[in-house]
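Trainee: Each position in the sequence shown, counted from 1, maps to that position plus 508 in the working numbering. Built from N, CA and C at the ideal position, the CB exists for glycine as well. Have a look at the structure that comes next, please.
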Amino acid sequence: NGFPVSSNLAMWLTAKESDILAESSLKRLFVDPSTQRVYEEGDIIKREHLGFTLQLIANASDPAQLFYEGGLAQTIAAEIAEHGGHITLEDLRSYTTSVDETPIVNDNLPGDLSLCGPPPPSSFAIAQSIIAILAEFYGGNVDIDLDDPLIYHRLIEAQKFAYAQRGSFGDIAFVPDALKIAQNMTTRSYARWIKSLIKDEAQPPSYYTTNHTYQVEDHGTSHVSVIDEQGNAAACTSTINQILGSMRVSPTLGIIWNDEMDDFSTPGLLNSFGYPPSPANYIAPGKRPMSSMSPVVIYNKNTGKVKMVVGASGGSTIVSSVAQTVIRSLLFNQTVKEAVDEPRLHNQFIPHTTTYETAIPEEIIDELIAKYAQNMTAVHRMRSTVQALEVRGDGFIHGNSDFRRQIATYPCGF
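Structure, rendered in structure tokens:
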């Protein structure tokens, strides 16, 4: 029967209309034949080929074999080769999932809470660092004035220090030092050290790091947070990298091909800000590219009971959005509804400016500029969207799906 075009999808289709009209496979999927324009909000889109593919996988006795070695694999390899790509049947057949049973853990949060998440090439270590630094400032104080510009200043500075480490990260199977750096960033001594470096005025970029390398941006991401009736939890983020991935759709399978290779850094290629690429994220056979994904599970380190599950989509703003949601909930005692909905700000170190949602009071922004020497740039709404679950003291699970997504999503019960 198809599905209605959401406000968010309509926005991106309009933004990408010229590219969609120029590519026949996208045009067949996203252009209304009656108007020769991209579909608008409320129009019905049917993805029949993708539905058929998903049904094949669901009904297969061995879905993994079908996708990675069987008929689907042969179709995928043939179509990619036909369009000049380099993924072969052998690439699919030899692919293995990386399963790490030793996640990165920070067990120094107030209230006997621990944060855990995947190691690099995820950006969890960066997100938890922002949280840990703010916990050093506000971990023991329940009476906090959330309109105090100093809180925002310290949050911005914590983001700068955390994001500045991103250029050192890469796939830990190829960059062993990345794991050591990530683990060091989870220690109490590291958070206290960064706290001691945060001054009551913004500093020049060289103060935060000498590693001025750039990581490729990503946008085509989604996230789901889950807690089941036994208390088990999962935070799952997936991506095809850029919006609409490689801008190609399989004519037979209905799959939008990703452009994950573009998530790697390319030697000799400067980014749009003029900064060099990160050697830790150079392409290599079998290597996974650096990602902004920051799925987080928070639990009581004594009982093992889950307290919160958080993740987000939205490129580099994933990290700061996840961090601010956790900070507001655990340190500032806000509900999960408040923590997700409150306006955010974002500083990823490069470029050396802070974007903020216009819902933040002007008085706070003015003081951040005048008193704390912050460089501030307004945006109507951050592109990041958070999906969060929180287990309250009474055992009830409260959830919030970010309104910024502009689609009709809401938490599901069980």
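1. Would you decide whether S607 is buried or exposed? Buried here means 16 or more other CB atoms lie within 10 Å of its CB.
2. Quick one: which unbroken alpha helix (DSSP H) runs of 4-plus residues sit fully inside the segment 573-656? Chain order, please.
3. If we ignore side chains and look at the alpha-carbon of each, how far apart do G510 and V818 end up?
4. Out of curiosity, what's the CA-to-CA distance linking S526 and E587?
5. Looking at C-alpha atoms only, which residue of Q582, Y576, A881 is the closest neighbour of R601?
6. Have a look at T843, P859, I877 and flag the residue whose alpha-carbon is nearest the alpha-carbon of L897.
7. Less than 7 Å between the C-beta atoms of R481 and M890, yes or no?
8. With a Cβ-Cβ cutoff of 7 Å, do V830 and S799 count as a contact?
9. State the CB to CB distance for the pair V539 and I528, rounded to an integer number of angstroms; the pair is presumed to be in contact (CB under 8 Å).
10. In the DSSP assignment, what are the bridge partners of F511?
11. Return the chain-ordered list of same chain residues with a C-beta closer than 6 Å to the C-beta of G550, the five sequence neighbours on each side being excluded.
12. What's the gap between the Cα of E870 and the Cα of E768?
13. Just the C-alpha distance for E556 and V732, rounded to the nearest angstrom, thanks.
14. Identify the continuous beta strand (DSSP E) that holds L534 and give its terminal residues.
15. Counting along the chain, where does the alpha helix (DSSP H) carrying N692 start and finish?
16. Smallest Cα separation from R700: which of D874, F632, L642?
17. What is the residue span of the beta strand (DSSP E) that V818 lies within?
18. Determine the burial state of E644: buried for a count of at least 16 other Cβ atoms within 10 Å of its Cβ, exposed for fewer.
19. Alpha carbon to alpha carbon, how far is F781 from F560?
20. So if DSSP puts N808 in a beta bridge, which residue, or which two residues, is it bridged to?
21. Across which residues does DSSP place I905 in a beta bridge pair?
22. Using the Cβ count rule (16 or more neighbours within 10 Å means buried), how would you classify G903?
23. Under a three-way DSSP split, which group does F781 fall into?
24. Using a threshold of 7 Å, state whether the C-beta atoms of D771 and P787 are closer than that.
25. Using 7 Å as the threshold, is the C-beta distance between V804 and V899 below it?
26. Can you tell me the Cβ-Cβ gap for H856 and Y715, rounded? I've got them flagged as a contact below 8 Å.
27. Would you tell me roughly how many angstroms separate the C-alpha atoms of F840 and I652, rounded to the nearest one?
28. Could you check which residue in C920, P657, E665, F632 has the C-alpha nearest to that of E875?
29. Excluding the 5 residues flanking A635 on each side, which residues of the same chain have their C-beta closer than 7 Å to its C-beta?
30. Return the first residue and the last residue of the alpha helix (DSSP H) that S833 is part of.
31. Along the chain, where does the alpha helix (DSSP H) that runs through V732 open and close?
32. With distances taken Cα to Cα, identify the nearest neighbour of A845 among G812, G776, D910, L564.
33. Would you decide whether Q667 is buried or exposed? Buried here means 16 or more other CB atoms lie within 10 Å of its CB.
34. Counting only runs that start and end within the segment 842-900, where is the beta strand (DSSP E) found for 3 or more residues in a row?
35. Within a Cβ cutoff of 8 Å, which residues of the same chain sit near A585, ignoring the five residues on either side of it in sequence?
36. Under three-state DSSP, which class holds T522?
Mentor: Let me spell this out:
1. The residue given as residue 607 occupies position 99 in the sequence shown. Residue identity check: residue 607 is Val in the sequence provided, not Ser. So V607 ends up on the exposed side.
2. 579-590, 597-602, 632-646
3. Taking the sequence shown and counting its residues from 1, one reaches residue 510 at position 2. Taking the sequence shown and counting its residues from 1, one reaches residue 818 at position 310. Cα to Cα, the separation comes out at about 30 Å.
4. Locating residue 526 in the sequence shown gives position 18, where the first residue counts as 1. Locating residue 587 in the sequence shown gives position 79, where the first residue counts as 1. Going from the Cα of S526 to the Cα of E587 covers about 24 Å.
5. Position 93 of the sequence shown, counted from the start, is the residue given in the question as residue 601. Nearest C-alpha to R601: Y576.
6. Within the sequence shown, residue 897 is the residue found at index 389, counting from 1. With distances taken between Cα atoms, L897 lies closest to T843.
7. Outside the displayed range of the chain (509 to 922) lies residue 481, so it cannot be described from this structure.
8. Position 322 of the sequence shown, counted from the first residue, corresponds to residue 830. Position 291 of the sequence shown, counted from the first residue, corresponds to residue 799. Taking 7 Å as the Cβ cut-off, V830 and S799 do not qualify as a contacting pair.
9. Taking the sequence shown and counting its residues from 1, one reaches residue 539 at position 31. Taking the sequence shown and counting its residues from 1, one reaches residue 528 at position 20. Right, their Cβ atoms sit about 6 Å apart.
10. Walking along the sequence shown from the start, residue 511 turns up at place 3. According to DSSP, which records beta bridges pairwise, F511 is partnered with I553.
11. Residue 550 sits at position 42 when you count from the first residue of the sequence shown. Counting only Cβ-Cβ distances below 6 Å, and skipping sequence neighbours, we find P512.
12. Position 362 of the sequence shown, counted from the start, is the residue given in the question as residue 870. Position 260 of the sequence shown, counted from the start, is the residue given in the question as residue 768. The straight-line gap from Cα to Cα measures roughly 39 Å.
13. Translated into positions along the sequence shown, residue 556 becomes position 48. Translated into positions along the sequence shown, residue 732 becomes position 224. Between E556 and V732, the C-alpha separation is close to 24 Å.
14. Within the sequence shown, the letter at position 26 stands for residue 534. No beta strand (DSSP E) contains L534, which is instead part of the alpha helix (DSSP H) from 532-538.
15. Numbered from 1 along the sequence shown, position 184 holds the residue referred to as residue 692. Unbroken alpha helix (DSSP H) run through N692: 684-692.
16. Here residue 700 is taken as the residue at index 192 of the sequence shown, counted from 1. Ranking the options by Cα distance to R700, first place goes to L642.
17. As a working note, residue 818 is residue 310 in the sequence shown. 814-821 is the span of the beta strand (DSSP E), which, as asked, contains V818.
18. Counting from 1 along the sequence shown, the entry for residue 644 is found at position 136. Per the 10 Å Cβ criterion, buried.
19. Position 273 of the sequence shown, counted from the start, is the residue given in the question as residue 781. Position 52 of the sequence shown, counted from the start, is the residue given in the question as residue 560. At F781 the pLDDT is 48, less than 50, meaning the model places this residue with poor confidence; the figure from the coordinates comes in the next sentence. Going by the C-alpha atoms only, they are around 43 Å apart.
20. The residue you call residue 808 lines up with position 300 of the sequence shown. The partner list for N808 (beta bridge, DSSP) reads L621.
21. Translated into the one-based positions of the sequence shown, residue 905 becomes position 397. V899.
22. Stepping through the sequence shown from its first residue, residue 903 is reached at position 395. Per the 10 Å Cβ criterion, exposed.
23. Locating residue 781 in the sequence shown gives position 273, counting from the first residue. Per-residue confidence for F781 stands at a pLDDT of 48, beneath the threshold of 50, marking its modelled position as unreliable; the derived number appears in the next sentence. Reduced to three states, the DSSP call for F781 is coil.
24. Residue 771 sits at position 263 when you count from the first residue of the sequence shown. Residue 787 sits at position 279 when you count from the first residue of the sequence shown. No; because the gap between Cβ atoms is not below 7 Å, this pair is not in contact.
25. Taking the sequence shown and counting its residues from 1, the one referred to as residue 804 is at position 296. Taking the sequence shown and counting its residues from 1, the one referred to as residue 899 is at position 391. Cβ distance not < 7 Å, so V804 and V899 don't count as in contact.
26. Here the question's residue 856 lines up with position 348 in the sequence shown. Here the question's residue 715 lines up with position 207 in the sequence shown. According to the sequence displayed, residue 856 carries Gln and not His. That pair is no contact at about 16 Å.
27. On the sequence shown, position 332 is the one that residue 840 refers to. On the sequence shown, position 144 is the one that residue 652 refers to. Distance between the alpha carbons of F840 and I652: 7 Å.
28. Here residue 875 refers to the residue found at position 367 of the sequence shown. With distances taken between Cα atoms, E875 lies closest to P657.
29. Along the sequence shown, read from residue 1 onward, the residue named residue 635 stands at position 127. So the qualifying residues of the chain are S802, V804, V827, V830, A831.
30. On the sequence shown, residue 833 is found 325 positions in, with the first residue counted as 1. Inspection of the sequence shows that residue 833 is occupied by Thr rather than by Ser. 825-834 is the span of the alpha helix (DSSP H), which, as asked, contains T833.
31. Position 224 of the sequence shown, counting from 1, holds the residue named residue 732. That residue, V732, is in no alpha helix (DSSP H); its beta strand (DSSP E) goes 729-735.
32. Locating residue 845 in the sequence shown gives position 337, where the first residue counts as 1. Note that residue 845 is Lys in the sequence shown here, rather than Ala. Looking at the Cα atoms, D910 is the closest of the given residues.
33. Translated into the one-based positions of the sequence shown, residue 667 becomes position 159. Buried, since its Cβ has 16 or more Cβ neighbours within 10 Å.
34. 862-865, 884-887, 893-899
35. Position 77 of the sequence shown, counted from the start, is the residue given in the question as residue 585. Closer than 8 Å at the Cβ level, and outside the excluded window around A585, lie I595, T596, L597, D599, L600.
36. Sequence index remark: in the sequence shown, residue 522 carries index 14 (1-based). Reduced to three states, the DSSP call for T522 is helix.
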